[in-house]
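First comes the structure, then the notes that go with it.
In the numbering used here, the protein residues as written are 7 to 369.
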């Protein structure tokens, strides 16, 4: 079996209500799928993260077509480890010139598609190829509800069966505290509550906010300072009883090794569409295990990447919980012909060959 084509499928649409984050607003949602075709008629699908910046799709299309595709054409798609190294060694030096994240995110999408091909070729779900079933149902936390009325949004998530929610903060400190208080009161003390500052604070403010938020018994505080400020992250982690979570902006096991060595996080958050795909995320999870650290995969994209994340959690020990975006986002679920099974705050791991999902060609 040989690879005969690699292409990127861009998806983008305007939002009715912009999504507020600490560094600005998202007026559009965009996804990018990577499709790999073989000479035996087996096609694999993967996803590469293109949330930020807005021109990510343009960059990713060029990277896939001019960087990834020439490296994969004519190759055996089942040689996944070798192909990962080929892509990484050939492209990472270019990434060091203008952005390692862009290169790793492109490799991630191609890698997921290769695993999808392997599973389809062997008639097995990806989780079985990754080591077998460790857990079949994955606990989810809900995030992405509107910040206009966060308490009401969080309460609706609880009504839908979720037992964990995450609130975006990092705007005005006083308003942040008020919102966290309101959400905690709305969901009660027996529901897990996480907050995500999206790197909004400097070290001093982060330590102050961590102390102020301790009364709300947070499950974690995510990215309180810039993710490349490992000393700052470590200082915040040492100053608070609240676990610090980070890693969605770490690209590959080398970044995660630095994060762990600095003791900058209590929980790591690899993203299969950003951190190097399933091949690299398995190694990242093993690295975390050696440090006695748990992981919680990040994913803020379509249900193709979400399905891949479920396969990682299903087959790899140390996983805590998985992010589920509940914002009113078109195409997130519609990208699949059949929706994933999510009920009562849990997701079932797809059981079909490969990722166990089929692309909706009509989108």
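Here a beta-carbon is modelled for each residue, glycine too, at the ideal position from N, C-alpha and C.
Going by beta carbons, residue 311 and residue 319 fall outside the 8 angstroms limit. Comparing alpha carbon positions, the residue from 250, 151, 355 closest to residue 335 is 151. In the structure shown, the three-state DSSP call for residue 199 is strand. Ranking 273, 259, 363 by CA distance to the CA of residue 91 puts 259 first. When DSSP states are grouped into helix, strand and coil, residue 55 belongs to the coil group.
Bridge pairing for residue 280: absent [DSSP]. Along the region 16 to 74, the alpha helix (DSSP H) occurs as fully enclosed runs of 4 or more residues at 62 to 68, listed in sequence order.
Apart from the 5 residues on each side of it in sequence, residue 339 sits with its Cβ closer than 7 angstroms to the Cβ of 309, 345 in its chain, given in chain order.
In the DSSP assignment, residue 293 forms no beta bridge with any residue. Residue 168 carries a coil assignment under DSSP once its states are collapsed to helix, strand and coil. Distance from residue 224 to residue 199 at the Cβ level is roughly 6 angstroms; contact confirmed, criterion being Cβ atoms closer than 8 angstroms.
Taking the CA atoms as reference points, residue 169 sits about 8 angstroms from residue 196. Sequence-distant Cβ neighbours of residue 176 in its own chain, meaning closer than 6 angstroms and more than five residues away, are 28, 203, 204, 206. Beta bridge pairing from DSSP links residue 328 with 146. With fewer than three CB-CB distances shorter than 8 angstroms, the region 37 to 48 does not count as touching the region 283 to 300.
Rounded to the nearest angstrom, the Cβ distance from residue 44 to residue 10 is 6 angstroms, consistent with a contact under 8 angstroms.
Of the residues 131, 306, 119, 184, the one whose Cα lies closest to the Cα of residue 156 is 184. The shortest C-alpha to C-alpha distance from residue 110 to any of 317, 274, 302, 95 is the one to 95. Listed in chain order, the non-local C-beta contacts of residue 167 below 6 angstroms within the same chain comprise 350, 351, local neighbours out to five positions each way being set aside.
Beta-bridge analysis with DSSP links residue 154 to no other residue. When rounded, the separation of the alpha-carbon atoms in residue 80 and residue 73 is 15 angstroms.
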